[in-house]
Amino acid sequence: MNVFDALTDRTSVNYFDSSRTVSNEEILALLDYAQQAPSAFNIQHTRYLVVTDPQAKEQLKEAAYGQQKVVDAAAVILVLADEQGHERMAEIAQRGVDAGVYNEGVRDYMVQAVTDGYSGQAAKAHDEALRSASMATMNLMTAATGKGLATCPMIGFDAEQVKALFAIGDRYTPAMMVTLGYAKDGNWGRKPRLAAAEVSVLDARPGQAHALN
Ligand SMILES: Cc1cc2nc3c(=O)[nH]c(=O)nc-3n(C[C@H](O)[C@H](O)[C@H](O)COP(=O)(O)O)c2cc1C
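Residues in the sequence shown are numbered consecutively from 3, following the numbering used here.
This is the structure:
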């Protein structure tokens, strides 16, 4: 499936085939695609907590206001935003040098910029981590669609309850829960979208009147 078809074929699936599983290898392959998403300074703030055990999914369902798909889906991927992801910047930047993408000077500049930019900036770190995690989530769902799998992004859960259930550290903010598996019959088709022309201002110029003033 090409990327355009994956983007237009993806829907948020409510009914999953509870008899079908997805292997850890398949899940990791999808998460590797999620990891290709962009992130500020390539910090890669996204972490994934994957729940496949039936009993664990039952407990997670309670924290997700009883949403049945949490149990029926083969896996539930909790996408976490690491608000202190920037602390690994030196290691991440070194990997860029090792891969021959940029030199030590660029590495040092990036490490300094991140150190300066994030120190004492908790709100900024939070926002950046959530942005990055959202992008990774979309990659994950597009890749899953490409592999014939179904997903549903969800924010309908009690984040504190979920964090407590899995003893997730304070530095991680749940950005999204994604159910993953095989769709059953009976799901809705694609919901209509506002056309790009309805929501866009083209050729925008300073001082000009437009629909978004
Ligand atoms: C941030 C976010 C939170 C969502 N939370 C839920 C949820 O808790 N439960 C659910 O069934 N769908 C949830 N959805 C799915 C939306 O309802 C769905 O994306 C929207 O209706 C558009 O439909 P489509 O994804 O099939 O195109 C969520 C989507 C997003 C982006």
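The beta-carbon is built from N, C-alpha and C at its ideal position, and this holds for glycine as well.
Counted within 10 angstroms of its Cβ, other Cβ atoms place residue i as buried (16 or more) or exposed
{"i": "Val72", "result": "buried"}
{"i": "His47", "result": "buried"}
{"i": "Thr153", "result": "buried"}
{"i": "Ala177", "result": "buried"}
{"i": "Tyr120", "result": "buried"}
{"i": "Ala138", "result": "buried"}
{"i": "Lys193", "result": "exposed"}
{"i": "Gln69", "result": "buried"}
{"i": "Asn141", "result": "buried"}
{"i": "Arg195", "result": "exposed"}
{"i": "Val103", "result": "exposed"}
Simplified DSSP assignment, three categories, for residue i
{"i": "Thr54", "result": "coil"}
{"i": "Tyr111", "result": "helix"}
{"i": "Val164", "result": "helix"}
{"i": "Gly122", "result": "coil"}
{"i": "Arg49", "result": "strand"}
{"i": "Ser41", "result": "coil"}
{"i": "Ser134", "result": "helix"}
Proximity to residue i [Cα-Cα], best of the options
{"i": "Arg97", "options": "Arg109, Tyr174, Glu89 and Gly87", "result": "Arg109"}
{"i": "Asp19", "options": "Ala161, Asn189 and Glu28", "result": "Asn189"}
{"i": "Asp129", "options": "Ala31, Ala36, Arg173 and Met179", "result": "Arg173"}
{"i": "Gln38", "options": "Gly102, Asp100, Met143 and Glu93", "result": "Met143"}
{"i": "Arg22", "options": "Pro56, Lys63 and Asp160", "result": "Pro56"}
{"i": "Ser202", "options": "Glu60, Leu214 and Pro194", "result": "Leu214"}
{"i": "Ala169", "options": "Gln210, Phe43, Leu51 and Leu9", "result": "Leu51"}
{"i": "Glu60", "options": "Ala42, Ile45 and Ala76", "result": "Ala76"}
{"i": "Leu62", "options": "Ala146, Asp160, Gly209 and Leu196", "result": "Asp160"}
{"i": "Asp74", "options": "Gly183, Asp205 and Ala199", "result": "Gly183"}
{"i": "Glu85", "options": "Ala199, Gly148 and Ser134", "result": "Ser134"}
- Residue ranges of each alpha helix (DSSP H) within the stretch 59-91, 4 or longer: 71-74
- Query: Which residues are close to ligand 1, meaning CB closer than 5 angstroms to any heavy atom, in chain order?
  - Reply: Thr13, Ser14, Pro155, Met156, Ile157, Gly158 and Lys193
- Query: Which runs of the alpha helix (DSSP H) fall wholly inside the stretch 144-188 and span at least 4 residues, in chain order?
  - Reply: 161-167
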